[in-house]
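One structure below.
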């Protein structure tokens with residue numbers, strides 16, 4: 213069975229995400245962009261944690277969906293700031309709020325969708341840089 217890494221899954225999602233962002237001018241894409249942005253960044257951060265930071269017996273962190281928690285742990289263990297906490301908090305709101313109906317449901321605006329897309333592009337580059345650094349150190 214082919215076991216893919218968080219990185220492989222995130223980058224596959226990212227390829228589809230770039231296609232989705234091309235339709236950002238269409239209102240019905242905004243929540244989907246927000247949700248996918250959160251998911252891609254979460255998987256990229258979990259890849260770093262899974263590969264370089266989390267011991268096998270301490271995998272609770274990999275169950276977290278709070279991007280800010282993942283960012284803080286990566287900074288703590290590697291000294292590398294993958295993304296700003298403000299950006300992490302912004303994307304974390306989309307995990308539930310943009311996905312599920314109810315009292316906390318949010319409508320993602322085109323501006324917010326664009327901001328989310330820009331953050332994803334930056335995090336992809338940042339994680340790739342960190343991966344190269346960590347590969348050299350091992």
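Residue numbers (the numbering used here): 213 to 350. Where a beta carbon is used, it is the ideal one built from N, C-alpha and C, also for glycine. Just so we're clear, the structure is a prediction, and the values are computed from it rather than from any experiment.
- When secondary structure is reduced to three states using DSSP, residue 237 falls in the coil class, being assigned neither helix nor strand.
- With contacts defined as CB atoms closer than 7 Å, residue 265 and residue 289 qualify as a contacting pair.
- The alpha carbon of residue 257 has as its nearest neighbour, out of 217, 348 and 235, the alpha carbon of 217.
- Nearest in C-alpha terms to residue 291, of all of 320, 316, 261 and 241, is 261.
- No Cβ-Cβ contact shorter than 7 Å links residue 332 with residue 279.
- Looking at the backbone, the Cα of residue 221 and that of residue 230 are separated by about 14 Å.
- Counting along the chain, the unbroken alpha helix (DSSP H) around residue 290 starts and ends at 279-290.
- Separation of the CB atoms of residue 325 and residue 242 is rounded to 4 Å, and the pair is thereby assigned contact status at 8 Å.
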